[in-house]
Each structure stands twice: as C-alpha cells, then as structure tokens.
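Participant: Residue numbers (my numbering), protein chains in the order written: chain Y, 94 to 298; chain E, 94 to 298. Beta carbons are placed, not taken as given, at the ideal position from N, Cα and C, and that holds for glycine.
Protein chains: 2
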Amino acid sequence: MEDELIKFSSPLNALLPQAVQELCTHKHLKKSTLLFKTGEKPKWMFFVLSGEVTLERLSQHGDPVVLQRTRHGFVSEASLQSPKYHCDAVVVADAEIIQIPIQTLADALSTDPDFAGRWINMLNHEVKRLRLQCERLSMKSVKDKVLHLINTEGQNGKYQVNTGIKSLAGELGITHEALYRTLAALEKSKTIQREDRLLVLTNRQ
Amino acid sequence: MEDELIKFSSPLNALLPQAVQELCTHKHLKKSTLLFKTGEKPKWMFFVLSGEVTLERLSQHGDPVVLQRTRHGFVSEASLQSPKYHCDAVVVADAEIIQIPIQTLADALSTDPDFAGRWINMLNHEVKRLRLQCERLSMKSVKDKVLHLINTEGQNGKYQVNTGIKSLAGELGITHEALYRTLAALEKSKTIQREDRLLVLTNRQ
DNA sequence: CGTACTTTTGAATCGCATCAAATCTGGTGG
DNA sequence: CCACCAGATTTGATGCGATTCAAAAGTACG
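See the structure below:
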C-alpha cells in the first residue's frame with residue numbers, strides 16, 4: 094500500500110490549486126478497504142482514478158444500499174462542510190485513489206475564487222449525473238435501463254463495463270440474473286453487441 | 094400573474110448578496126406553466142417558495158420522466174454554466190417562485206467568495222438529496238420506498254404529501270394504484286397513519 | 001348539475017426476484 | 001504444470017408483486 098505525492102498527470106491538475114495538490118497523496122487500495130465510516134469526522138476527500146468505490150448505507154432491514162458508485166471522480170463532496178460522514182465508503186474493486194486533506198481544500202475554496210468557480214462547475218456536473226441516474230432507476234424494464242445507460246453514460250453508443258456485470262446490476266437496481274438475461278436477449282435481437290467489456294449499440298434507423 | 098421585486102423575507106436573503114436580490118422578481122405561477130424548455134439558453138434561475146415544479150425529460154418511448162421535484166428550493170442549478178437547459182421545468186402545482194437573472198448570479202459567484210461558499214454548501218445538500226432519491230428508487234418494494242421516504246424526507250416520522258398521491262407515485266417510480274394499495278395496507282397493519290395530507294409513522298418498539 | 005380529476009377496488013397478466021444448480025474463469029499453492 | 005478454489009457467468013423453475021386495464025365512487029370547481 095504505497096503512498097506518494099501526486100507528480101503525475103490527473104484530472105485534478107486542472108481543478109485543484111498547486112498548493113492543495115502538493116498535499117495530496119496517491120494510494121493503491123485493495124478491494125474491501127474502507128475509506129471512511131458513517132459518523133467519523135471528515136479528514137480527507139477522495140478522488141477515484143481507477144477501480145471502484147461505493148458509498149453505502151444500511152437500510153432499515155440491514156441491507157447495504159449503494160448511494161453512489163464511482164469509477165472516476167470524487168467521493169463524498171457532501172462531507173466538505175459536514176461534521177461527520179453520512180455513509181460508508183468501500184473500495185469494491187482494487188483502486189487508485191487520490192487523497193485530499195479536507196481542511197486544506199476548504200481553506201483554498203474560501204480564498205481562491207477561481208478554484209471555487211471550478212468546484213461549483215464540478216458539483217453542477219455531479220447534480221446532472223445524479224439526475225440521470227434517478228431517471229434510469231425510474232425505468233420499469235431492465236431493457237430500458239440498459240439502453241438508457243449506454244445512451245447517457247456511454248460514448249458514441251459504446252459503454253465500457255469496468256467492474257463486471259454483477260456490479261453493474263447493483264448500480265441499475267436489478268439482480269445480476271436479470272441483467273445477464275437481458276443482455277443476452279438484446280444481443281440476440283441485434284440491439285446491442287458485446288465486445289469484451291464493451292456494450293455497443295447496434296446502429297439502426 | 095404579478096411580478097414584483099422581493100422585499101419580503103425568504104430563504105434567499107441569507108444566501109444571495111444584496112445586489113443580486115435587488116434584481117430578483119417574485120412570481121405567482123399557475124399549474125402547467127413552463128419555466129423553461131429543453132434546448133433554450135438559460136436566462137433565469139428559479140427558486141420555488143411554494144407549490145411545486147418538476148424537471149422532466151421525455152424518455153425514448155415518449156413518456157415524461159421526472160428528474161427532480163422541487164417544492165422548496167432551486168430548480169436548474171446545473172444550468173449555471175450550461176449553454177442550454179437539458180430538461181423542461183413545469184409548474185405542477187400553483188407556485189410562488191423567485192426568478193434570478195443567471196448572468197448576475199454568475200458574476201456575483203466569481204467576485205464574492207463568501208457567496209460562493211454558501212452556494213457550494215447549497216449544492217452539497219442537493220447532491221446528498223439526490224443520492225437519497227437514488228437509494229429510494231433502488232428499493233424493490235413499494236412498502237420500502239414509502240417508509241424510506243417518510244424516514245428521510247419527512248420530519249419526526251411525519252411526511253407531508255403536498256401535491257397528491259398520484260404525483261408522489263411518479264416521484265417514487267411506481268404507479269398510483271400500487272401506491273394507493275400500499276398506503277392502505279400500511280395503514281391497515283398500523284405501520285402508518287394518515288391524517289389529511291400527512292403520512293405519520295406509527296411508533297413501535 | 002355536469003365535467004374533470006382523484007381515489008379506490010378488482011382481475012388478469014407479466015417481468016423480475018428468488019432459489020437452485022451447472023459451467024466457466026482466473027488465480028493460488030503444491 | 002496441474003489440482004483446486006472462489007468468484008463470475010449462465011440457465012432453469014417458481015412465485016410474488018407490481019403493472020396494466022377496467023370501472024366505480026368520491027371530490028372540486030365553474
């Protein structure tokens with residue numbers, strides 16, 4: 094589990110001020126690692142470069158529910174001014190993560206207007222993304238969810254499945270069996286094609 | 094449909110700088126009014142004081158899907174830097190709305206660090222709220238969705254149904270029939286009580 | 001009083017969850 | 001290099017819960 098300052102190129106280079114970047118550390122974390130737990134005082138903010146992190150809460154029945162699934166982006170923006178985390182952050186696939194000291198970040202946001210503007214822009218995109226996820230979860234059929242996923246999260250009708258079908262099924266709010274069956278049916282009807290870890294929309298008029 | 098400057102107390106008084114507040118207008122809008130349409134260039138940002146506004150998009154099948162339902166709060170934060178709206182905003186219940194010129198708002202955000210900080214805080218809350226909605230939509234049974242709604246959106250186990258059960262059903266991603274039946278069943282099993290437009294969680298050990 | 005909408009109940013159907021089990025796959029240690 | 005194991009993938013059978021379609025009763029409003 095190596096730690097190092099970030100010296101390499103990352104999406105954060107264009108977002109974070111230099112002073113903040115110098116205090117960030119880069120980590121390789123194994124599956125099942127907990128980034129933080131519900132109730133803890135926020136000390137770090139995390140940015141996922143690769144792998145996958147979920148934010149989870151226990152439902153009334155004790156089942157974990159995925160609040161957010163991040164393969165590339167921030168985890169726990171909401172904890173910025175929060176006195177404690179409101180969910181657990183779990184590494185569900187071996188991940189590369191950048192760790193940002195939250196106090197330094199908060200200070201920079203209040204003193205660097207340009208940075209604050211970029212941060213607001215980032216939050217706006219997150220809001221948009223979450224609205225799309227809500228739209229997807231509202232769909233009644235698995236087929237609609239899959240097509241919506243490819244159309245909104247994919248690029249040029251191609252969606253990259255990074256973390257396995259099982260994991261994707263959870264994100265779509267369905268069982269992995271239902272997803273496997275639907276993917277097979279969509280392929281059979283030539284609506285999509287599967288290439289390795291890619292779901293490709295077949296062109297039709 | 095009167096227009097007037099805001100001179101009265103509103104939640105925006107503590108958020109917006111005085112200079113921005115002076116350019117805001119207060120509107121009473123009737124049900125079915127469109128605040129904006131997909132593709133239009135954003136000129137205004139809206140804050141709902143009362144009534145209800147939804148953000149909607151048409152699905153591939155032509156059914157409207159509710160992306161956001163606002164009874165009290167901002168609509169279309171994401172349009173701040175966006176060249177055009179990515180959904181429709183519809184008044185679904187007669188509403189009081191504050192209209193904010195988006196350019197003025199953007200200027201203020203880039204020159205007033207305190208204001209930017211408050212704005213970031215507001216966006217963080219929105220992100221939290223959307224994650225909760227995703228959690229709710231992921232639930233498989235109508236019963237779980239209803240109980241989750243009361244627990245997370247309600248206060249002290251009491252949830253106020255402002256805009257009718259049919260509308261609420263859409264928000265939960267279910268049919269109104271299913272919701273009516275589930276509410277009746279929950280009342281029969283003494284899990285909740287209904288008082289006028291209130292859903293009250295029955296206390297149990 | 002009539003019209004439009006909401007609320008409610010009924011019956012039939014269907015898609016998905018659930019439970020089960022059989023491959024397949026990659027990785028590990030002997 | 002092979003045996004083995006854990007997890008992913010796939011297929012099957014069954015049942016439940018929600019959708020769907022239908023219709024009746026209630027309610028608000030002009």
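(1) Between Y/Asn255 and the rest of its own chain, which residues show a CB-CB distance below 6 Å, the 5 nearest in sequence each way excluded?
(2) Identify which residue in Y/Gly166, Y/Thr268, Y/Glu133 has its Cα closest to the Cα of Y/Leu142.
(3) Quick one: which chain Y residues come within Cβ less than 9 Å of E/Ala209?
(4) Between the Cα of Y/Ser231 and the Cα atoms of Y/Glu264, Y/Val113, Y/Lys136, Y/Thr284, which residue gives the shortest distance?
(5) From Y/Pro135 to E/Asn217, what distance separates their C-alpha atoms?
(6) Can you check whether the CB of E/Leu223 is closer than 9 Å to the CB of E/Gln161?
(7) What residues of chain E sit near Y/Cys227, judged by a beta carbon separation below 7 Å?
(8) Below 7 Å CB to CB, which residues in the same chain sit around Y/Lys283 once its five sequence neighbours on both sides are set aside?
(9) Using CA coordinates, which residue listed in Y/Lys259, Y/Gly266, Y/Ala107 is at the minimum distance from Y/Tyr273?
(10) Which parts of the segment 258-288 of chain E are runs of the alpha helix (DSSP H), unbroken and 4 residues or longer, counting only runs that do not cross its ends?
(11) Give the residues of chain Y in contact with E/Ala171, contact being defined as C-beta atoms less than 7 Å apart.
(12) For Y/His121, which residues does DSSP report across the bridge?
(13) How would you write the range of the beta strand (DSSP E) that E/Met168 sits in, first residue to last?
(14) Among all the DSSP beta bridges, which residues are the ones paired with E/Tyr252?
(15) List the residues of chain E that Y/Gly257 touches, going by C-beta distances under 7 Å, in chain order.
(16) Y/Leu223 lies in the alpha helix (DSSP H); which residues open and close that run?
(17) Please determine, among E/Val168, E/Lys236, E/Ser175, the residue with the shortest C-alpha to C-alpha distance to E/Glu189.
(18) In the DSSP assignment, find the alpha helix (DSSP H) that holds E/Leu242 and state where it starts and stops.
(19) Would you kindly work out how many angstroms separate the C-alpha atoms of E/Ala186 and Y/Asn106, rounded to a whole number?
(20) How far does the alpha helix (DSSP H) with Y/Gln111 in it reach, from first residue to last?
(21) For E/Gln174, go through chain Y and note every residue whose CB falls closer than 7 Å to its CB, in chain order.
(22) Going along chain Y in order, which residues have a C-beta closer than 7 Å to the C-beta of E/Arg150?
(23) Does any residue of chain Y have a CB that is nearer than 9 Å to the CB of E/Gly266?
(24) Considering only the beta carbon of each residue, do Y/Ile193 and Y/Leu116 sit closer than 9 Å?
(25) Assess, as a yes-or-no matter, whether the segment 202-212 of chain E is touched by the segment 143-150 of chain E under the definition of 3 or more beta carbon pairs within less than 8 Å.
(26) How about Y/His179: is its C-beta nearer than 9 Å to some C-beta of chain E?
(27) Shortest alpha-carbon distance to E/Gln253 belongs to which of E/Glu270, E/Val113, E/Ala278, E/Ile285?
(28) Ignore the nearest five residues each way along the sequence and tell me which others in E/Gln298's own chain have a CB closer than 6 Å to its CB.
(29) Identify the residues that DSSP records as bridge partners of E/Gln174: which are they?
(30) How close, in whole Å, do the beta carbons of E/Ala209 and Y/Ala209 come, if the pair is a contact with beta carbons under 8 Å?
(31) Counting C-beta neighbours from all protein chains within 10 Å, is the total for E/Leu127 16 or more, i.e. buried, or is it exposed?
(32) Select from Y/Glu149, Y/Lys124, Y/Cys180, Y/Ser103 the residue whose C-alpha is nearest the C-alpha of Y/Glu133.
(33) Does DSSP put Y/Thr163 in a helix, a strand or coil?
(34) Output the boundary residues of the beta strand (DSSP E) element that contains E/Leu108.
(35) Could one say the Cβ of Y/Lys130 lies closer than 9 Å to chain E's Cβ atoms, at least one of them?
Facilitator: Short version:
(1) Arg164
(2) Y/Gly166
(3) Leu202, Ser203, Pro206, Ala209, Gly210, Trp212, Ile213
(4) Y/Glu264
(5) 14 Å
(6) yes
(7) Leu160, Leu223, Gln226, Cys227, Leu230
(8) Thr295
(9) Y/Lys259
(10) 258-265, 269-281
(11) Asn217, Val220, Lys221
(12) Y/Glu189
(13) Correcting the residue identity first, residue 168 of chain E is Val in this sequence and not Met. Residues 166-168.
(14) E/Leu292
(15) Ordered by position in chain E, no residue passes the 7 Å Cβ test against Y/Gly257, which lies about 18 Å from the chain.
(16) 206-231
(17) E/Val168
(18) 235-246
(19) 45 Å
(20) 111-114
(21) Asn214, Asn217
(22) Glu228
(23) yes
(24) yes
(25) no
(26) yes
(27) E/Ile285
(28) The predicted position of E/Gln298 is uncertain, since its pLDDT is 47 and thus under 50; a value taken from the coordinates is nonetheless stated next. Nothing listed; no residue qualifies.
(29) According to DSSP, which records beta bridges pairwise, E/Gln174 is partnered with nothing at all.
(30) 4 Å
(31) exposed
(32) Y/Cys180
(33) strand
(34) Taken as a continuous stretch (DSSP letters only), E/Leu108 belongs to no beta strand (DSSP E), as it is neither H nor E.
(35) no
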